[in-house]
Each structure stands twice: as C-alpha cells, then as structure tokens.
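J.: Note that the working numbering has the sequence shown beginning at 67, numbered continuously upward. The structure's right below; bear with me while I get my questions together.
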Amino acid sequence: MPTEVILPKVDMDMESGTISVWHVANGETVAQGDPLFDIETDKAAMEVESPASGTLHHVIAQVGDTVPIGRTVAWIFEDGEAVPDRQPKVAKAEEAPKKSITGPAAKTTSESATEVYTQKTRATPAARKLAHASGLSLADITGSGPRNRVQSTDVRALMRAESSMQPAPVHVSWDSKSTPLNMVKSGSGSAVPRLLIHGLGADASAWALLEKDLAAKGPVLRLELPCHGKSPLQIVDNFPHLAANVRATFDTLGIEQAHLVGHSLGAALALALVDTRPRSIKTLTLISPAGLGPQINGDILAGITRATTAASLGPWLRQMVGDPDLITENYAKAAMMARKDPAQRSAQTQMQQAVFPDNTQSFDLTAALHRVTAPTRIIFGKKDQVIPWSHAFQAPGHVSLNLFDNLGHMPQYEDPQAVLALL
Numbered sequence: 067m068p069t070e071v072i073l074p075k076v077d078m079d080m081e082s083g084t085i086s087v088w089h090v091a092n093g094e095t096v097a098q099g100d101p102l103f104d105i106e107t108d109k110a111a112m113e114v115e116s117p118a119s120g121t122l123h124h125v126i127a128q129v130g131d132t133v134p135i136g137r138t139v140a141w142i143f144e145d146g147e148a149v150p151d152r153q154p155k156v157a158k159a160e161e162a163p164k165k166s167i168t169g170p171a172a173k174t175t176s177e178s179a180t181e182v183y184t185q186k187t188r189a190t191p192a193a194r195k196l197a198h199a200s201g202l203s204l205a206d207i208t209g210s211g212p213r214n215r216v217q218s219t220d221v222r223a224l225m226r227a228e229s230s231m232q233p234a235p236v237h238v239s240w241d242s243k244s245t246p247l248n249m250v251k252s253g254s255g256s257a258v259p260r261l262l263i264h265g266l267g268a269d270a271s272a273w274a275l276l277e278k279d280l281a282a283k284g285p286v287l288r289l290e291l292p293c294h295g296k297s298p299l300q301i302v303d304n305f306p307h308l309a310a311n312v313r314a315t316f317d318t319l320g321i322e323q324a325h326l327v328g329h330s331l332g333a334a335l336a337l338a339l340v341d342t343r344p345r346s347i348k349t350l351t352l353i354s355p356a357g358l359g360p361q362i363n364g365d366i367l368a369g370i371t372r373a374t375t376a377a378s379l380g381p382w383l384r385q386m387v388g389d390p391d392l393i394t395e396n397y398a399k400a401a402m403m404a405r406k407d408p409a410q411r412s413a414q415t416q417m418q419q420a421v422f423p424d425n426t427q428s429f430d431l432t433a434a435l436h437r438v439t440a441p442t443r444i445i446f447g448k449k450d451q452v453i454p455w456s457h458a459f460q461a462p463g464h465v466s467l468n469l470f471d472n473l474g475h476m477p478q479y480e481d482p483q484a485v486l487a488l489l
C-alpha cells in the first residue's frame, strides 16, 4: 500500500498551511527523512520530511495551495509497487490514515527528539546530516524554523551561497594593465546573448536570482570587474580607465550584438560601453545606475569594501535594500566569505576611492544617455540609500523609467521577478 503524505500540524493553533515548495518532483524517488516539501503558516515556515522511502506520485497540492491539517497532499509508492492512473482514495482530514506518517521535522511543537541539539543549536536530523557531510558548523547557520531551529533548507542556502560566491584566488601582485576580465558563461542557443555587469563590491553571483531564467532563453555572460570575483587585481586610475578595461574585454567576446544589463557602477560602465560600441548593443537596461549625478552615499560603499567580518558587513548590506530583513545573518556570512581575501578588499577600496573620490561621482554620463539609440530602460527603487533615485529624471523622453516604491539599491535581488519581467 502506498504511504499517504499528509499536511502535518506544526503549531497548536494551526488549522491549515500553504505549500511553499516541493523539494521532490512528481515521479522522483525520495528517501525517508529527506526534505519533501515546505509549508508556511502565519507564524512560521516549516520543512516537512518524507515519511517513507519510494517514489512520489499523485501530488494533489501544488505550490501556493492552502491545505487543511491532516489532508493528503501526495502518495509515496514503494519500489516495484504498481502506480494506478488515478490517485488513491483520499482519507478525510479528521481521520488519521493508518499508514500516514509525518516526518520528524513536522513535530516541532513537541518536546521530543525531533529537535537535535548540537552545542545548543537546534537542528533537524536532515540538517545535521547535511551540515556534517558539507563540513559546515550548525553554530554558523541561522535557523529559519520555530525557535530558530536549523532546517536542511538553511544548510542548503549557505551551501549555494558559498558555491556561487567563491573568493578570488590570492594574487601576489597587482596588474596595472587592462587585462581581460573574468566572464561567467551559462545558457546556450542562437539568441542574442545577455551581458550582465555587476556593481562595486559584488561579483557574478549578484545576478544569481536572474541567471537561471535568463539562461533558459539563451546565452548569459556575467562579467566580473577588476578586483572582483575571479578577475585579476588591478590598479584603477579613474572611471575612464575602468571603462576602457570593460570595453577591451567586450571586444574579445567576438559577438555581433548583446542585450546589455548593468547595476550601479556596472550600469555606468554599460552606458559607457554602448556609447562607444553603439552598433553592438541591442537593448540597454540600467539598474540603479551611477553616472547621472554627483551624489552618492560613500559611507555605505566604504563600509562594505572595508568590512572584515560578517558582523561589520551586515549593517551596511541592510542599507542597500528597502527591506532590511532580506539581509539575513547567513547572507552576510556568505557575502563575507566571498570577501575574505584581504588583497581583494584592499583593491576594491582603492577602486572605490579612484572612481568615487571624496564620496562623489566623478564622472557624468548624462550626455551619453541622451546619445543612446538602442531601446533603453532605467530601473530604480525609491528607497535607494546609495544613489538618489531622482537621478533617473536625467533621462531623455525615449528612455523608459521603472520606479519601485518599496525597493532599495538592489532591485534584482529584492524583487527578481519584477526585474525579469522588464528584461
């Protein structure tokens, strides 16, 4: 007989829960105790572990569905067990199916052994197993479950952040020449590629929340600025010097045209590129662009580039977004992990001072914006504390303006779906 997967009661006052994600797709195999799906209530978000090993079939509760407690959401069939075309009979929510077992992670309101304590850190068995296998300390992970319990999704989030934010290799010297910059490539096909340029203090992972969707449509090229990611450390004299380096790297790509997207300083560099390579740019998207006015919050930029710990980096990162809660402790730790090379931090500080001397945007690209003939869009958050969003009004009439009331300096991170819809 197949095992019914039911929506567990994870809160004493809980009457229903909303499916937020399925970790296993219909028709895929799963092992008992592995994360199966996540539910959300008005009080918590919770990971539910698989009650049995086998193959998941007949998923009847989709992402976004709100389901009463005790209601069947899917079935797990044992290996070799026949799977009928129609779903098995659903037990009523108030009945406890004989073979319905909720995973250990679902019993968070009890005082049972479903919470594993490791050096006073609460964690699910799956989270403990995953952290051990990955060489991560549970003490370094902030739990998102009730009573700050660490779930396997928290561990996987830190693993993804580490893998996509690998620190640059240690360099023994700086290169004052315009050496080709690192380019992270994904996607394929004959579509016009998208070239993405990040801002100061970031790297290719700044586009992580957009990359998968964009790569499904065609080639994606994520350029990393000098002194960032895996690009070489270089002495940057000024903005024109930096723009020349980006242009030299672009010229090595050998592509006829590109959809160009830039963020902050990267947007200014994108605008400088289209000004000198107008026939090579099919469309231009500027997110929180620099270069349209002298004002800039140098304190935030300096705070990020000089930070040596997650504790000192986090407060500055929270000023980069409209909702500070988006910057979790785990996010700050992962970001700091990518910045642990002191030579790279020093190089970025030098770049910041060269490009934004005395907390001033030393370059003006307003005229260049007026010269652009390619379809152009500017995206700004009205809660931007780094660059005044009113700089967008420097744009001529043929440039589209998209202003978001509740977003800060990083719209591509704060609301990636809204940004994707505009690309």
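Just so it is clear, CB atoms sit at the ideal spot from N, CA and C, and this is done for glycine as well. Being a predicted model, the structure only gives us computed values, none of them experimental.
(1) Tell me the DSSP secondary structure of Arg437 in three-state form.
(2) Thinking C-alpha only, which one of Glu94, Leu261, Ala413, Glu113 is nearest Ser86?
(3) In the DSSP assignment, what residue or residues form a beta bridge with Ser252?
(4) Given a cut-off of 8 angstroms, decide if Asn396 and Gln451 are closer than it, judged by their beta-carbon atoms.
(5) Going straight from the alpha carbon of Val258 to that of Lys448, what length do you get?
(6) Might you give, ordered along the chain, the residues of its own chain that have their beta carbon closer than 6 angstroms to the beta carbon of Met402, omitting 5 neighbours on each side?
(7) How would you label Pro235, buried or exposed, when you count the other beta carbons within 10 angstroms and need 16 or more for buried?
(8) In whole angstroms, what is the alpha-carbon distance linking Glu81 and Lys75?
(9) Tell me the DSSP secondary structure of Ala324 in three-state form.
(10) Can the beta-carbon of Leu326 be found closer than 8 angstroms to that of Leu289?
(11) In whole angstroms, what is the alpha-carbon distance linking Asn468 and Ala309?
(12) Measure the CB-CB distance between Phe429 and Leu367 and report whether it falls below 8 angstroms.
(13) Let me check you understand the geometry: is the CB of Ser119 closer than 7 angstroms to at least one non-hydrogen atom of the ligand SAH?
(14) Using the beta-carbon count (16 or more within 10 Å), is Arg152 buried or exposed?
(15) Short check: CB of Leu339 to CB of Gly357, under 8 angstroms?
(16) Distance check for Ile453 and Pro477, CA to CA, integer angstroms please.
(17) Considering Cα atoms alone, identify which of Gln483, Trp455, Ile126 is closest to Lys278.
(18) Confirm, please, whether the CB-CB distance from Glu70 to Trp141 is below 8 angstroms.
(19) With a cut-off of 8 angstroms on the beta carbons, I'd call Leu247 and Leu291 a contact; round off their distance for me.
(20) I need the straight-line Cα distance from Ser119 to Ser412, nearest angstrom please.
(21) So, are the CB atoms of Gly295 and Ala274 less than 8 angstroms apart?
(22) Distance, Cα to Cα, Pro298 vs Ser254?
(23) Using DSSP with H/G/I as helix, E/B as strand and the rest coil, what is Ala368?
(24) In or out: Arg215 buried (at least 16 other Cβ within 10 Å) or exposed?
(25) Enumerate in chain order the residues of its own chain whose CB-to-CB distance from Trp455 is below 7 angstroms, with the five nearest sequence positions on each side excluded.
(26) Quick one: grab the DSSP three-state call for Asp104.
(27) Could you check where the beta strand (DSSP E) with Asn468 kicks off and where it finishes?
(28) Here's the rule I'm using: 16 or more other beta-carbon atoms within 10 Å means buried, otherwise exposed. How should Glu144 be labelled?
(29) State buried or exposed for Val129, treating a residue as buried only when at least 16 other CB atoms are found within 10 Å of its CB.
(30) Exposed or buried, what is Phe305 when buried is set at 16 or more other beta-carbons lying within 10 Å of its beta-carbon?
(31) Using a Cβ-Cβ cut-off of 6 angstroms (strictly less than) and excluding sequence neighbours within five positions of His123, which residues of its own chain qualify?
(32) Look at His329 and Ser354 and say whether their C-beta atoms are less than 8 angstroms apart.
(33) How close, in whole Å, do the beta carbons of Leu73 and Val90 come, if the pair is a contact with beta carbons under 8 angstroms?
(34) Going by DSSP, name the residue or residues bridged to Val114.
(35) In three-state DSSP terms, what is Pro74?
(36) Of all the options Thr432, Ala487, Leu473, which has the alpha carbon lying nearest to the alpha carbon of Gly463?
T.: With the structure as the only source:
(1) Counted from its first residue, the sequence shown places residue 437 at position 371. Of the three classes helix, strand and coil, the one that applies to Arg437 here is helix, per DSSP.
(2) Stepping through the sequence shown from its first residue, residue 86 is reached at position 20. Nearest option by C-alpha distance: Glu113.
(3) The residue labelled residue 252 in the question sits at position 186 within the sequence shown. In the DSSP output, where bridge partners are listed per residue, Ser252 has Val286.
(4) Along the sequence shown, read from residue 1 onward, the residue named residue 451 stands at position 385. Along the sequence shown, read from residue 1 onward, the residue named residue 396 stands at position 330. Taking 8 angstroms as the Cβ cut-off, Gln451 and Asn396 do not qualify as a contacting pair.
(5) As a first step, residue 258 is located in the sequence shown; it is residue number 192 there, counting from the start. As a first step, residue 448 is located in the sequence shown; it is residue number 382 there, counting from the start. Roughly 31 angstroms between the two C-alpha positions.
(6) One-based indexing of the sequence shown puts residue 402 at position 336. Cβ within range, chain order: Ala376, Leu379.
(7) Locating residue 235 in the sequence shown gives position 169, where the first residue counts as 1. For Pro235, the predicted model reports a pLDDT of 38, less than 50, meaning its position is unreliable and no value from the coordinates is stated.
(8) For the purposes of this step, residue 81 is taken as the residue at position 15 of the sequence shown. For the purposes of this step, residue 75 is taken as the residue at position 9 of the sequence shown. The straight-line gap from Cα to Cα measures roughly 8 angstroms.
(9) The count along the sequence shown starts at 1 and reaches residue 324 at position 258. Looking at Ala324 - three-state DSSP - the assignment turns out to be strand.
(10) Counting from 1 along the sequence shown, the entry for residue 326 is found at position 260. Counting from 1 along the sequence shown, the entry for residue 289 is found at position 223. Going by C-beta atoms, Leu326 is not nearer than 8 angstroms to Leu289.
(11) As a first step, residue 468 is located in the sequence shown; it is residue number 402 there, counting from the start. As a first step, residue 309 is located in the sequence shown; it is residue number 243 there, counting from the start. About 25 angstroms.
(12) Counted from its first residue, the sequence shown places residue 429 at position 363. Counted from its first residue, the sequence shown places residue 367 at position 301. No, Cβ-Cβ distance for Phe429 and Leu367 is not below 8 angstroms.
(13) This structure does not include the ligand SAH; it has no bound ligands of any sort.
(14) The residue labelled residue 152 in the question sits at position 86 within the sequence shown. Counting Cβ neighbours within 10 Å, Arg152 comes out exposed, since fewer than 16 surround it.
(15) Taking the sequence shown and counting its residues from 1, the one referred to as residue 339 is at position 273. Taking the sequence shown and counting its residues from 1, the one referred to as residue 357 is at position 291. No.
(16) As a first step, residue 477 is located in the sequence shown; it is residue number 411 there, counting from the start. As a first step, residue 453 is located in the sequence shown; it is residue number 387 there, counting from the start. So the alpha carbons of these two residues sit roughly 13 angstroms apart.
(17) What you label residue 278 is simply residue 212 of the sequence shown in a count that begins at 1. Closest option to Lys278, Cα to Cα, is Gln483.
(18) As a first step, residue 141 must be located in the sequence shown, where it is residue number 75. As a first step, residue 70 must be located in the sequence shown, where it is residue number 4. Contact: yes.
(19) Position 181 of the sequence shown, counted from the first residue, corresponds to residue 247. Position 225 of the sequence shown, counted from the first residue, corresponds to residue 291. 7 angstroms between Cβ atoms; contact.
(20) The count along the sequence shown starts at 1 and reaches residue 119 at position 53. The count along the sequence shown starts at 1 and reaches residue 412 at position 346. If I take the Cα positions, the gap works out to 51 angstroms.
(21) Start at 1 with the first residue of the sequence shown, and residue 295 comes out as number 229. Start at 1 with the first residue of the sequence shown, and residue 274 comes out as number 208. No. Outside cutoff.
(22) On the sequence shown, residue 298 is found 232 positions in, with the first residue counted as 1. On the sequence shown, residue 254 is found 188 positions in, with the first residue counted as 1. Each residue's Cα considered, the two are about 26 angstroms apart.
(23) Looking up residue 368 in the sequence shown gives position 302. Helix.
(24) Within the sequence shown, the letter at position 149 stands for residue 215. Buried, because 16 or more other Cβ atoms sit within 10 Å of the Cβ of Arg215.
(25) Reading the sequence shown from its first residue, position 389 is the one you call residue 455. Counting only Cβ-Cβ distances below 7 angstroms, and skipping sequence neighbours, we find Phe446, Gly447, Lys448, Leu469.
(26) Start at 1 with the first residue of the sequence shown, and residue 104 comes out as number 38. Strand, per DSSP.
(27) As a working note, residue 468 is residue 402 in the sequence shown. Where Asn468 is concerned, the enclosing beta strand (DSSP E) stretches over 466-470.
(28) Translated into the one-based positions of the sequence shown, residue 144 becomes position 78. Its Cβ having fewer than 16 others within 10 Å, Glu144 is exposed.
(29) Stepping through the sequence shown from its first residue, residue 129 is reached at position 63. Exposed, because fewer than 16 other Cβ atoms sit within 10 Å of the Cβ of Val129.
(30) Within the sequence shown, numbered from 1, the residue matching residue 305 stands at position 239. Under this definition Phe305 is a buried residue.
(31) Numbered from 1 along the sequence shown, position 57 holds the residue referred to as residue 123. For His123, where only same-chain residues beyond five positions count, the Cβ hits under 6 angstroms are Trp141, Phe143, Val149.
(32) One-based indexing of the sequence shown puts residue 329 at position 263. One-based indexing of the sequence shown puts residue 354 at position 288. Yes, these two residues count as a Cβ contact at 8 angstroms.
(33) Looking up residue 73 in the sequence shown gives position 7. Looking up residue 90 in the sequence shown gives position 24. The Cβ separation is near 16 angstroms, so there is no contact.
(34) Residue mapping note: residue 114 aligns to position 48 of the sequence shown, counting from 1. In DSSP, Val114 forms a bridge with Phe103.
(35) For this step, residue 74 is matched to residue 8 along the sequence shown. If DSSP states are grouped into helix, strand and coil, Pro74 belongs with coil.
(36) Position 397 of the sequence shown holds residue 463. It is Thr432.
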